[in-house]
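Colleague: Input: one structure, supplied below.
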Amino acid sequence: MRDWLRNAIELSGGDILKAYLFGSILDQQSSPGDIDLVIVTADGAGGLAWRRVRDWRDSVALRFQVQFDLPLSILIATPSEWNEIDGTVVRRRE
């Protein structure tokens, strides 16, 4: 699953600066009901990379659901938003 996500992110064409899994997927004692992923875009809201990532999110989530039978919940953050929320959205980064 992680390799699949890494590949999908690499195919985004450089619009994604960072990506981190968070939530129940990181708890090895639980069986997650969905996969939570935060994506940091290469530019601010409304920018070209941000818009492409927003469009990418829907298609990759659908493909992920088909492949793994789990919903993929993607939170998109701009670089400035990430700086503001760093450490509060994700407990442990992967």
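Numbering (this note's numbering), first residue to last: 67 to 160.
Every residue, glycine too, gets a C-beta built ideally from N, C-alpha and C.
1. Please classify Arg159: does DSSP put it in a helix, a strand, or coil?
2. Which residue from Gly112, Pro98, Gly110 and Val126 puts its Cα closest to that of Trp70?
3. Quick check on Arg158: buried or exposed, where buried means 16 or more other Cβ atoms within 10 Å of its Cβ?
4. Between the beta-carbon of Ser139 and the beta-carbon of Asp93, is there less than 8 Å?
5. For Leu103, I'd like the list of residues in its chain whose CB is within less than 8 Å of its CB, leaving aside the five on either flank, ordered along the chain.
Modeller: With the structure as the only source:
1. Because Arg159 sits at a pLDDT of 48, beneath the cut-off of 50, its placement in the model cannot be relied upon, and the point is left open.
2. Nearest C-alpha to Trp70 among Gly112, Pro98, Gly110 and Val126: Val126.
3. Summary for Arg158: the model assigns pLDDT 49, below 50, so the residue's position carries little reliability, and this model does not support an answer.
4. Their beta carbons are not under 8 Å apart, which means Ser139 does not touch Asp93 by this criterion.
5. Closer than 8 Å at Cβ, skipping near neighbours: Leu71, Ala85, Tyr86, Leu87, Phe88, Leu138, Ser139, Ile140 and Leu141.
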